[in-house]
Amino acid sequence: MTFGRGLRPLSIASALLVCGAFAMVFFYAPNDADQGFVQKIFYVHVPLAIVALCGFVAGGIYGILHLRSGERSHDLRSYVAIHISLIFAVGALVTGSIWARASWGHWWVWDEPTLVSFLIVFLLYACYQPLRFSIEDPERQARYASVFAIVAGAFVPLNFMAVRLAESLAHPRVLSTTGGAMPGDMRLTFLVSIAGMACLFVTLWKYELAAKSASIQLRSLRRRLAGDEGLAPLQRSAAPQQL
Amino acid sequence: MPALPLDDAGPYVAAAYLVFLALILIYVAIMATKLGRVEKDISELAEIVERREREREAVPEEERV
């Protein structure tokens with residue numbers, strides 16, 4: 220199985236999109252009338268959060284595909300999607316915290332539903348790796364992880380809707396039904412930033428899939444070739460060990 | 002709260018974008034370490050194959066038949 224196909228054009232596209240988005244942020248998009256220059260954090264914070272949440276949902280979809288087909292490659296896809304989403308979520312939390320400090324004067328606001336709900340989703344997914352690590356049998360590990368990915372993946376849009384219904388105290392609503400009242404040049408910059416972040420996510424996802432798949436295949440080949448040379452048994456790992 | 006002046010807002014904006022850059026760089030560095038491990042595994046495999054070939058060549062032709 221080759222996961223690395225199309226990785227080069229994808230890498231070039233994400234480099235161009237991310238650099239283009241950042242150039243637009245600083246040289247094209249105007250400063251926000253209310254928040255001023257600090258609002259520029261919006262173009263990295265919101266795309267990181269949106270792409271991370273979409274990645275969590277994608278992990279759940281691959282979990283469904285794994286349970287339906289029994290194909291181990293879907294478990295690997297789900298695992299890697301959740302892993303990269305966690306990294307993006309860390310980015311969203313830290314950049315959001317910096318923005319909160321600059322515009323609200325606090326690093327964190329506990330009574331703000333958007334912040335706390337995102338933290339809950341993050342902490343929920345932070346349990347994914349320990350859960351996988353705690354199960355030794357690779358078959359059971361993959362099945363339980365898929366069930367977790369599906370349940371948690373279904374929780375993400377539910378959580379998003381609940382936050383939309385809740386009254387916001389300080390956090391702005393970007394994706395509102397009225398379009399968020401963003402001027403055209405800001406909206407274009409935001410859309411390019413989201414496209415760049417999504418492209419970067421897919422590139423990293425494919426990159427890690429290719430790397431994981433190569434090391435799994437290599438390990439299996441090594442065991443087949445050196446079967447009689449006393450190799451140590453497979454070590455327990457949170458990552459899938461078979462394809 | 003009123004908008005922060007550029008001098009005050011600059012470090013916050015720079016910090017946010019640096020966090021993003023740092024995350025990507027750390028990720029790439031970790032992946033590079035793993036790539037090094039894969040490279041080591043490949044050289045071990047090549048060694049095993051070479052050793053087997055040498056052993057096969059050392060066995061006389063009649064014994065192999």
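As you go down the protein sequences, you meet chains A and B in turn. Once you know that position 12 of the first sequence is 231 in this note's numbering, the rest is easy, because the numbers rise by one and skip nothing. Once you know that position 28 of the second sequence is 29 in this note's numbering, the rest is easy, because the numbers rise by one and skip nothing. Just so it is clear, CB atoms sit at the ideal spot from N, CA and C, and this is done for glycine as well.
Residue i (DSSP reduced to helix, strand or coil)
i: A/D330; result: coil
i: A/G315; result: helix
i: A/G398; result: The predicted model places A/G398 with a pLDDT of 49, which falls under 50 and marks its position as unreliable; any figure quoted below should be read in that light. A/G398: coil per DSSP, three-state reduction.
i: B/D42; result: helix
i: A/D294; result: helix
i: A/D253; result: coil
i: A/I354; result: coil
i: A/Q474; result: Nothing in the structure corresponds to residue 474 of chain A, since chain A is present only between 220 and 462.
i: A/Q309; result: According to the sequence provided, residue 309 of chain A is Val. The question's Gln does not apply to it. Of the three classes helix, strand and coil, the one that applies to A/V309 here is helix, per DSSP.
i: A/S288; result: helix
i: B/I49; result: helix
i: A/R224; result: coil
i: A/A429; result: helix
i: B/V60; result: coil
i: A/R455; result: coil
i: A/C418; result: helix
Member of the options whose CA lies at the smallest distance from the CA of residue i
i: A/D251; options: B/V60, B/R55, B/A59, B/A10; result: B/A10
i: A/R441; options: B/V14, B/A33, B/S44, B/R55; result: B/S44
i: A/F275; options: A/G289, A/F307, A/P228, A/Y262; result: A/F307
i: B/Y13; options: A/G324, A/R287, A/S292, A/I303; result: A/G324
i: A/A458; options: A/L236, A/V370, A/Y262, A/Q360; result: A/Q360
i: A/P376; options: A/A277, A/G403, A/Q454; result: A/A277
i: A/R291; options: A/A368, A/R362, A/G415; result: A/R362
i: A/F261; options: A/S412, A/T221, A/S365; result: A/S412
i: A/L350; options: A/P249, A/R227, A/A368; result: A/A368
i: A/S322; options: A/G403, A/L437, A/A248, A/V257; result: A/V257
i: A/G372; options: A/L444, A/I317, A/A430, A/I283; result: A/I283
i: A/L272; options: A/K431, A/I303, A/F245; result: A/I303
i: A/N378; options: A/L343, A/G403, A/L312, A/F352; result: A/L343
i: A/V244; options: A/I354, A/A433, A/R383, A/P266; result: A/P266
i: A/V370; options: A/V340, A/S432, A/L229; result: A/V340
i: A/T333; options: A/S316, A/Q348, A/A345; result: A/S316
Chain A residues whose Cβ lies nearer than 7 Å to that of residue i
i: B/A16; result: I317
Interface partners of residue i on chain B, CB under 8 Å
i: A/G310; result: V20, F21, L24
Interface partners of residue i on chain A, CB under 8 Å
i: B/G11; result: F256
Chain-ordered neighbours of residue i on chain B, where CB pairs are closer than 7 Å
i: A/V313; result: V20
i: A/K425; result: Going along chain B, no residue has its Cβ under 7 Å from A/K425, so there is no contact; the nearest lies around 12 Å.
Contacts of residue i in chain B (Cβ-Cβ under 9 Å)
i: A/A417; result: Chain B residues near A/A417: none, gap ~14 Å exceeds 9 Å.
Beta-carbon separation (whole angstroms), residue i vs residue j, contact threshold 8 Å
i: A/W329; j: A/V335; result: 6 Å
Please list, in chain order, the residues of the segment 263-277 of chain A that have any C-beta partner in chain B closer than 8 Å.
V263, H264, L267
Could you name the residues of the segment 428-439 of chain A whose beta carbon sits closer than 9 Å to any beta carbon of chain B, in the order they occur along the chain?
A430, K431, A433, S434, L437, R438
Counting only Cβ-Cβ distances shorter than 8 Å, please list the residues of the segment 34-48 of chain B near chain A, keeping chain order.
K35, L36, R38, V39, D42, I43, E45, L46
Short-range partners of chain B found in the segment 230-248 of chain A, where Cβ spacing is below 8 Å:
F241
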